[in-house]
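The next block holds one structure in the form of structure tokens; read it before the comments.
Residue numbers (this note's numbering): 13 to 507.
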């Protein structure tokens, strides 16, 4: 791609950007949200047209006018936003327009299901091919999206945040697939906010900032700090923030769970969460972490066990009761579970505090605006964004809005499920500072995360779940990727 420029009304998304990818090479593209990565990919995918610039494939100039045209040229794009038909099965999604047929022309569902199961086993997912996609969690849907794109014989594969919903183990399987593509001479364009995986899989790294190309580096000779500095235009120190003081006398038990069980999800869970610390719960997807959080917040009802809040019995009958008791929850899927996408930032931010900004059952507009302006400043959000629809914000800013909604309530317990999924490194730094600030100010913070660097960097204490059971606890000062993964997988720790 040579000299690509693209403008929208009032915004210059790309300015003279050039990108090259060799056969059998993995080229990573990095940059903060708003750097122009998505626009560049949309132009390559035929979803957008460049105002200026040219595209060449194997030295031949091509015109990409539509997604169908892009696909015909051997370009396959795996978007971060899932594009699956939820009412169809895994097999039907994988083989859409390529269905297996019987002699009389009818669809051979048995063959399709068998082939779908073989494809999904590559990623370690053992599930019947006739399973409806709507019954799967977001991580498994992500794997299907990836498998769907890889099923075609592509020359160029574009992956936009492919591991954002995957565990470390599932990510490793994806990297094996990418290495297989590389060995077959396929060009891979890989977009990610995760520095660790970029340096694990990429050959070169292209860095965008504010719509411009600011550098291309060999992944073998550069360093993560150098790439981060190119991305944000400044030095970024202490990403995870300083560890909180370890004075045990100041750590008051707020939440206590005893022998909690939810059939087929988790069993016999016992844990405590205290003020002045961040408790991280790690484990593979399907280990029961999210279901445990949903139980504490009153969405799922445990079959047995007890929960105590500030020493008093607490029965989580509903999210409304949980909120009343001072429990806040930031869900894994912010767009479907955490935000009102059709409403503004102001309306989203104040939605959990309507009673505080109302007079006699009527919303006080002045209080509402003042409330949101204060929150936005604390969250490092532009004041001009208050009346913008939340769907127009970057992923990092959307997550700040969800978190800001709860910060204003000063909760006793804050539970965050995958709080930085799909968020750029600068926004991650802001979110970590907010999370540490909440713990410092007396909130018992529980973070559920699949990002091992985040688990180790953020956790004062780390609990590990495996197949619905709590299998170990590690002090944050002693945590390593190896000992966390050993507990999560049940495999003996590598020395």
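All C-beta atoms in this analysis are idealised placements derived from N, C-alpha and C, irrespective of residue type, glycine included. Only a predicted model underlies this, so the values are computations on that prediction, with no experimental measurement involved.
**Request:** Please classify residue 327: is it buried, with 16 or more other beta-carbons within 10 angstroms of its beta-carbon, or exposed?
**Result:** The count along the chain shown starts at 1 and reaches residue 327 at position 315. Flag for residue 327 reads exposed.
**Where the alpha helix (DSSP H) through residue 321 begins and ends** = Taking the chain shown and counting its residues from 1, the one referred to as residue 321 is at position 309. Here residue 321 belongs to no alpha helix (DSSP H); instead the beta strand (DSSP E) covers 316-321.
**Asked** Skipping 5 residues on each side, what residues in its chain have a beta carbon closer than 6 Å to that of residue 379?
**Response** Residue numbering aside, residue 379 sits at position 367 when the chain shown is read from its first letter. For residue 379, where only same-chain residues beyond five positions count, the Cβ hits under 6 Å are 369.
**Item:** For residue 499 and residue 484, believed in contact at Cβ under 8 Å, the rounded distance
**Value:** Against the chain shown, residue 484 aligns to sequence position 472. Against the chain shown, residue 499 aligns to sequence position 487. About 4 Å separates the two Cβ atoms, so the contact holds.
**Message:** Taking only three categories from DSSP, how would you classify residue 13?
**Reply:** Numbered from its first residue, the chain shown carries residue 13 at position 1. DSSP places residue 13 in coil when its eight states are reduced to three.
**Asked** Just the Cα atoms here: how many angstroms apart are residue 503 and residue 181?
**Response** As a working note, residue 503 is residue 491 in the chain shown. As a working note, residue 181 is residue 169 in the chain shown. Distance between the alpha carbons of residue 503 and residue 181 is about 12 Å.
**Asked** Excluding five sequence neighbours on each side, which residues of the same chain lie with their C-beta closer than 7 Å to the C-beta of residue 245?
**Response** Counted from its first residue, the chain shown places residue 245 at position 233. Only 221 meet the Cβ criterion.
**Message:** To the nearest angstrom, how far is the alpha carbon of residue 187 from that of residue 357?
**Reply:** Numbered from 1 along the chain shown, position 175 holds the residue referred to as residue 187. Numbered from 1 along the chain shown, position 345 holds the residue referred to as residue 357. When rounded, the distance between both Cα atoms is 37 Å.
**Message:** Please classify residue 412 as buried or exposed, where buried requires at least 16 neighbouring CB atoms within 10 angstroms.
**Reply:** The sequence position of residue 412 within the chain shown is 400, counting from 1. It is buried - the Cβ of residue 412 has at least 16 other Cβ atoms within 10 Å.
**Asked** Relative to the alpha-carbon of residue 492, which residue among 414, 468, 88, 199 has its alpha-carbon at the smallest distance?
**Response** Position 480 of the chain shown, counted from the first residue, corresponds to residue 492. When only C-alpha atoms are compared, the closest one is 468.
**residue 32, buried or exposed, once every other Cβ within 10 Å from all chains shown has been counted against 16** = Residue 32 sits at position 20 when you count from the first residue of the chain shown. It is exposed - the Cβ of residue 32 has fewer than 16 other Cβ atoms within 10 Å.
**Asked** Going by C-alpha distance, which of 301, 206, 113, 82 is nearest residue 479?
**Response** One-based indexing of the chain shown puts residue 479 at position 467. The option with the nearest alpha carbon to residue 479 is 301.
**Pairwise C-alpha distance: residue 118 and residue 282** = Within the chain shown, residue 282 is the residue found at index 270, counting from 1. Within the chain shown, residue 118 is the residue found at index 106, counting from 1. So the alpha carbons of these two residues sit roughly 53 Å apart.
**Asked** If you count every other CB in all the chains shown that lies within 10 Å of the CB of residue 384, and 16 or more means buried, which is it?
**Response** Mapped onto the chain shown, residue 384 falls at position 372. So residue 384 ends up on the buried side.
**Straight-line gap, residue 403 to residue 352 (C-alpha atoms, nearest Å)** = For the purposes of this step, residue 403 is taken as the residue at position 391 of the chain shown. For the purposes of this step, residue 352 is taken as the residue at position 340 of the chain shown. Those two C-alpha atoms are separated by around 9 Å.
**Request:** Output the distance between the C-alpha atoms of residue 46 and residue 400, rounded to the nearest integer angstrom.
**Result:** As a working note, residue 46 is residue 34 in the chain shown. As a working note, residue 400 is residue 388 in the chain shown. Each residue's alpha carbon lies about 16 Å from the other.
**Message:** Judging by CA-CA distance, which residue of 50, 42, 293 is the nearest neighbour of residue 228?
**Reply:** Residue mapping note: residue 228 aligns to position 216 of the chain shown, counting from 1. That would be 42, whose Cα lies nearest to the Cα of residue 228.
**Prompt:** Three or more beta-carbon pairs under 8 Å between the stretch 79-87 and the stretch 426-443, yes or no?
**Reply:** no
**Asked** Thinking just about the alpha-carbon of each residue, which of 224, 138, 184 is nearest to the one in residue 208?
**Response** Sequence index remark: in the chain shown, residue 208 carries index 196 (1-based). Of 224, 138, 184, the residue nearest in Cα terms is 184.
**Message:** Measuring only the C-alpha atoms, how far is residue 54 from residue 48?
**Reply:** One-based indexing of the chain shown puts residue 54 at position 42. One-based indexing of the chain shown puts residue 48 at position 36. Straight-line Cα distance between these residues: approximately 10 Å.
**Item:** Residue closest to residue 68, alpha-carbon to alpha-carbon, out of 421, 30, 59
**Value:** As a working note, residue 68 is residue 56 in the chain shown. Nearest of 421, 30, 59 to residue 68, Cα basis: 30.
**Request:** Report yes if the CB atom of residue 276 is closer than 8 Å to the CB atom of residue 433, and no otherwise.
**Result:** Walking along the chain shown from the start, residue 276 turns up at place 264. Walking along the chain shown from the start, residue 433 turns up at place 421. Cβ distance not < 8 Å, so residue 276 and residue 433 don't count as in contact.
**Request:** Can you tell me the Cβ-Cβ gap for residue 253 and residue 448, rounded? I've got them flagged as a contact below 8 Å.
**Result:** Counted from its first residue, the chain shown places residue 253 at position 241. Counted from its first residue, the chain shown places residue 448 at position 436. 4 Å between Cβ atoms; contact.
**Item:** alpha helix (DSSP H) segment containing residue 281, residue limits
**Value:** Residue 281 sits at position 269 when you count from the first residue of the chain shown. Unbroken run through residue 281 is the beta strand (DSSP E), 278-286; no alpha helix (DSSP H).
**Request:** Output the distance between the C-alpha atoms of residue 127 and residue 141, rounded to the nearest integer angstrom.
**Result:** As a working mapping, residue 127 is identified with position 115 in the chain shown. As a working mapping, residue 141 is identified with position 129 in the chain shown. Each residue's alpha carbon lies about 8 Å from the other.
**Request:** Kindly confirm or deny that the stretch 230-244 and the stretch 262-272 touch, where touching means at least three C-beta pairs closer than 8 Å.
**Result:** no
**Asked** In or out: residue 386 buried (at least 16 other Cβ within 10 Å) or exposed?
**Response** Your numbering for residue 386 matches position 374 in the chain shown. Label assigned to residue 386: exposed.
**Beta-carbon contacts of residue 40 that lie in its chain and below 6 Å, excluding the five residues immediately before and after** = Your numbering for residue 40 matches position 28 in the chain shown. So the list reads 202, 210, 214, 217, once near-sequence residues are dropped.
**Message:** Short of 6 Å in beta carbon distance, which residues of its chain neighbour residue 129, apart from the five on each side in sequence? Order them along the chain.
**Reply:** Indexing the chain shown from 1 puts residue 129 at position 117. Cβ within range, chain order: 141.
**Prompt:** Beta-carbon separation of residue 198 and residue 170 under 8 Å?
**Reply:** Within the chain shown, residue 198 is the residue found at index 186, counting from 1. Within the chain shown, residue 170 is the residue found at index 158, counting from 1. Their beta carbons are not under 8 Å apart, which means residue 198 does not touch residue 170 by this criterion.
**Request:** May I ask you to report which of helix, strand or coil DSSP gives residue 139?
**Result:** Locating residue 139 in the chain shown gives position 127, where the first residue counts as 1. Residue 139 falls in the coil class under three-state DSSP.
**Classification of residue 391 by the beta-carbon crowding that lies within 10 angstroms, buried from 16 upward** = The residue labelled residue 391 in the question sits at position 379 within the chain shown. Its Cβ being crowded by 16 or more others within 10 Å, residue 391 is buried.
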